[in-house]
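Numbering (my numbering), first residue to last: 367 to 996. Since the structure comes first, as structure tokens, the remarks are kept for the end.
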Amino acid sequence: MNSYQVLARKWRPQTFEAVVGQDPITRTLRNALASGRIAHAYLFAGPRGIGKTTTARLLARALLCLARTSPEPCGSCDACRDTATTDVIEIDGASNRGIEEIRTLRENVKYLPTRGRYKVYIIDEVHQLTEAAFNALLKTLEEPPPHVVFILATTDPRDIPATVLSRVQRFDFRPMAPDVLASTLERVLVEEKIPFDPAALPPLVRAASGSLRDALSLLDTAIAYGDGRLEADTAAGLLGTTTPAEVKAYAVALVAYDTGPALEAVDRAAREGEDLHAFIRDAIETLRLALVLKAAPTTRLADLTPTEGNELRTLGEAVSLDEILYILRALLDADQMMRESPHPRVELEIATVRATRRPVPHALDEVLRRVDEAEARLRGAGFAGGAAAPPAPVQQSILDSPLESPRAPGPAAGPTARASRAERPRGATSEPARGSVMPQGAASASAPLRSAGEPMGAPMPASAPPRGPGEPTLSPAPANAAPRGTVEPGAPLASASPRGGDESPGAAASGPPSDLAEAWQRVTEEVNRKRALLGAVLAQVRPAGLERGILTLVLAGNQFHRDRLLEPLNQDILGQAVRRWVTGAERFTIAMEGEADGGPRAHPGVQAAMAEFRGEIVAVRARSPEGDAP
Ligand SMILES: [Zn+2]
Numbered sequence: 367m368n369s370y371q372v373l374a375r376k377w378r379p380q381t382f383e384a385v386v387g388q389d390p391i392t393r394t395l396r397n398a399l400a401s402g403r404i405a406h407a408y409l410f411a412g413p414r415g416i417g418k419t420t421t422a423r424l425l426a427r428a429l430l431c432l433a434r435t436s437p438e439p440c441g442s443c444d445a446c447r448d449t450a451t452t453d454v455i456e457i458d459g460a461s462n463r464g465i466e467e468i469r470t471l472r473e474n475v476k477y478l479p480t481r482g483r484y485k486v487y488i489i490d491e492v493h494q495l496t497e498a499a500f501n502a503l504l505k506t507l508e509e510p511p512p513h514v515v516f517i518l519a520t521t522d523p524r525d526i527p528a529t530v531l532s533r534v535q536r537f538d539f540r541p542m543a544p545d546v547l548a549s550t551l552e553r554v555l556v557e558e559k560i561p562f563d564p565a566a567l568p569p570l571v572r573a574a575s576g577s578l579r580d581a582l583s584l585l586d587t588a589i590a591y592g593d594g595r596l597e598a599d600t601a602a603g604l605l606g607t608t609t610p611a612e613v614k615a616y617a618v619a620l621v622a623y624d625t626g627p628a629l630e631a632v633d634r635a636a637r638e639g640e641d642l643h644a645f646i647r648d649a650i651e652t653l654r655l656a657l658v659l660k661a662a663p664t665t666r667l668a669d670l671t672p673t674e675g676n677e678l679r680t681l682g683e684a685v686s687l688d689e690i691l692y693i694l695r696a697l698l699d700a701d702q703m704m705r706e707s708p709h710p711r712v713e714l715e716i717a718t719v720r721a722t723r724r725p726v727p728h729a730l731d732e733v734l735r736r737v738d739e740a741e742a743r744l745r746g747a748g749f750a751g752g753a754a755a756p757p758a759p760v761q762q763s764i765l766d767s768p769l770e771s772p773r774a775p776g777p778a779a780g781p782t783a784r785a786s787r788a789e790r791p792r793g794a795t796s797e798p799a800r801g802s803v804m805p806q807g808a809a810s811a812s813a814p815l816r817s818a819g820e821p822m823g824a825p826m827p828a829s830a831p832p833r834g835p836g837e838p839t840l841s842p843a844p845a846n847a848a849p850r851g852t853v854e855p856g857a858p859l860a861s862a863s864p865r866g867g868d869e870s871p872g873a874a875a876s877g878p879p880s881d882l883a884e885a886w887q888r889v890t891e892e893v894n895r896k897r898a899l900l901g902a903v904l905a906q907v908r909p910a911g912l913e914r915g916i917l918t919l920v921l922a923g924n925q926f927h928r929d930r931l932l933e934p935l936n937q938d939i940l941g942q943a944v945r946r947w948v949t950g951a952e953r954f955t956i957a958m959e960g961e962a963d964g965g966p967r968a969h970p971g972v973q974a975a976m977a978e979f980r981g982e983i984v985a986v987r988a989r990s991p992e993g994d995a996p
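Below, the structure written as structure tokens:
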């Protein structure tokens with residue numbers, strides 16, 4: 367064991383041929399050596415551990431060799447065998463950065479080599495030299511003695527003065543491609559006769575970020591850790607990453623809606639003492655890569671082997687981009703929450719359930735199709751001159767919240783069944799609320815209804831006015847509706863109510879804005895008592911108006927706040943408090959500040975679908991106006 371030599375040293379290339387992953391550079395240098403066109407100064411730039419110093423030493427040895435007949439040193443002449451030669455001078459720029467050192471260097475370059483034609487100076491981390499030292503070096507570079515070759519190496523070429531850069535032949539070393547790194551490690555393991563699990567290599571390769579030296583030293587440690595073998599889980603444990611197979615199984619389960627297996631993967635990771643933060647980060651990374659490869663299938667990702675790339679493409683095949691985005695969003699939120707939560711595992715499990723119970727895209731399309739059909743039927747009914755009452759109640763029933771009735775009745779059954787219940791609060795509250803709340807939040811108060819607008823609300827204003835004055839069927843309405851119509855042109859919906867504002871509770875229900883503000887104060891107090899986190903979210907929320915039993919809440923916060931508000935439990939708690947304290951409110955709807963005046967979120971059909979599935983909008987895509995198909 368005492369003869370054990372670390373792999374990075376043992377496998378340091380002895381020939382240009384053996385340098386891995388820097389082919390263009392080694393080829394150019396070998397050509398120069400073969401033709402004898404040697405520059406006086408070279409700059410080797412690139413990240414650490416990718417072969418700059420090794421290549422510099424190989425070049426130096428080749429230049430010193432006395433019997434060289436090819437680009438490679440002969441290996442047997444006096445110069446090649448003299449390991450203590452004074453003709454190769456290595457200087458660490460980091461510890462010899464001052465002008466004195468460079469002055470000494472300038473003195474010494476004058477002396478001829480002890481044997482052979484060349485004296486080679488290798489200055490590592492040359493960018494660390496002081497300005498004065500660079501100036502001194504520049505003088506030598508401007509008029510170099512013919513027997514001197516400089517090889518400057520740096521990880522940061524931007525810190526080197528342009529005057530110096532213009533006098534060197536520059537080579538940029540690239541981080542090693544992951545597949546090259548992986549196959550190199552594999553070759554080393556095979557030749558060293560070390561048993562290994564191929565699944566252990568990708569995390570090692572990733573951790574090495576393109577550096578063969580780092581990869582080999584990680585390999586050394588992993589083998590020692592694994593008692594002479596390289597195992598996937600010991601390597602993962604060593605690197606502080608999770609077992610790749612475990613993360614992969616988790617990602618596959620998420621994508622496949624498999625709540626059980628996904629939770630089991632979390633459980634296994636927790637029981638085996640894996641760091642759940644690392645686990646979720648690895649899952650995020652896996653899905654991120656699947657997302658990128660799905661969005662741009664031909665992308666060649668630098669840190670992936672082709673095998674990994676194909677696995678990730680397969681992972682993404684089964685789902686839409688929107689779904690991957692949804693899952694990623696759930697995991698990113700959880701990652702954030704896990705950092706603050708005393709129960710990180712629960713946060714991870716919540717995200718797991720959320721991601722595996724995401725809305726099925728087809729189901730949502732199906733709902734939207736049915737909403738469109740109902741709309742079309744409505745439009746037909748409205749113009750057919752039927753009863754004035756149906757339009758509003760029908761729309762009401764589509765909007766009905768699961769808080770009130772988990773099964774929203776079909777458009778056909780709904781109207782008559784709930785017409786009377788639905789109208790009372792509507793008639794009671796809409797009239798005064800409209801007048802009083804307007805100044806405060808006019809746009810948002812009526813937004814969800816009016817911007818419902820495009821396909822759905824449009825027929826209403828269009829059909830109502832002619833009906834109002836003209837048609838006899840509406841005769842009870844004008845009496846109530848007349849004053850309203852003059853106050854608020856957007857009111858035709860309310861005018862459809864035969865009973866309108868003749869209910870006295872109306873006055874109590876709405877009142878001036880301060881009443882709503884006061885009621886909202888009570889709501890937030892109750893919520894705060896029951897669930898402080900939700901209470902905190904409500905600080906970002908203001909009530910914008912109450913109309914037809916629907917309290918519109920405007921959210922000034924971000925996606926995080928919206929997500930909290932959309933959680934079923936939170937919806938229940940808030941819904942209860944709203945019904946208890948806001949007179950006349952049967953349910954609430956949430957509008958984001960700024961989008962309140964329209965947008966797809968405000969479409970009643972979308973709101974109905976979201977309420978029905980307790981879902982949320984992940985993405986909005988255009989579709990042809992006439993087509994039902996997605
Ligand atoms: Zn030689």
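For each residue, glycine too, the CB sits at the ideal point set by N, CA and C. Values in this document were obtained by computation on a predicted structure and should not be read as measured data.
- Excluding residues up to 5 positions away in sequence, ALA502 lie with their Cβ nearer than 7 Å to the Cβ of ARG469 in the same chain.
- Under the three-state reduction of DSSP output, GLY911 falls in the strand class.
- Within the DSSP secondary-structure output, PHE382 pairs in no beta bridge.
- Here the region 483-499 makes no contact with the region 387-403; the two share fewer than three CB pairs at distances below 8 Å.
- Assignment of ASP444 by DSSP, reduced to helix, strand and coil, places it in the helix class.
- The bridge partners DSSP lists for MET958 are LEU921.
- Partner residues in the beta bridge of GLN535, as assigned by DSSP, are TYR408.
- Taken in chain order, the complete beta strand (DSSP E) segments of 3 residues or longer contained in the region 520-578 are 535-538.
- Here the alpha carbons of LEU698 and GLN925 stand approximately 12 Å from one another.
- For ASP522, the number of other beta carbons within 10 angstroms of its own is below 16, and it is reported as exposed.
- Where TYR487 is concerned, the enclosing beta strand (DSSP E) starts and stops at 485-490.
- In this chain, the alpha helix (DSSP H) harbouring ILE693 covers 687-706.
- Within 6 Å of the C-beta of PRO439 there is at least one heavy atom belonging to ligand 1.
- The continuous alpha helix (DSSP H) containing GLU508 extends over residues 497-508.
- With a cutoff of 6 Å, ALA433 counts as near ligand 1, since its C-beta is closer than that to a heavy atom of the ligand.
- ILE939 carries a helical assignment under DSSP once its states are collapsed to helix, strand and coil.
- Distance from the CA of GLU456 to the CA of ALA588, rounded to the nearest whole angstrom, comes to 32 Å.
- A straight line joining the alpha-carbon of ASP593 with that of GLU383 spans about 32 Å.
- Across the set GLY950, GLY941, TRP947, the C-alpha of GLY941 shows the shortest separation from the C-alpha of ILE956.
- Beta-bridge partners assigned by DSSP to PHE516: ALA407, TYR487.
- Here the alpha carbon of CYS440 sits roughly 10 Å from the alpha carbon of ARG447.
- Separation of ALA398 and THR480 (C-alpha to C-alpha, rounded to the nearest whole angstrom) is 23 Å.
- Distance from the CA atom of ALA428 to the CA atom of PRO564, rounded to whole angstroms, is 37 Å.
- If the five residues before and after PHE954 are omitted, its C-beta is found closer than 6 Å to the C-beta atoms of LEU917, LEU919, VAL944, all from its own chain and listed in chain order.
- Taking a 10 Å sphere around the C-beta of HIS709, we find fewer than 16 other C-beta atoms and assign the residue as exposed.
- Beta-bridge partners assigned by DSSP to ASP458: ASP490.
- DSSP places SER436 outside any alpha helix (DSSP H), giving it a letter other than H or E.
- The residues THR890, VAL893, ASN894, in chain order, have a CB closer than 7 Å to that of GLY901 in the same chain once the five nearest residues on each side in sequence are set aside.
- By the neighbour-count criterion, in which a residue is buried when 16 or more other Cβ atoms sit within 10 angstroms of its Cβ, ASN676 is exposed.
- Spanning the alpha carbons of ALA721 and THR625 requires a straight line of approximately 8 Å.
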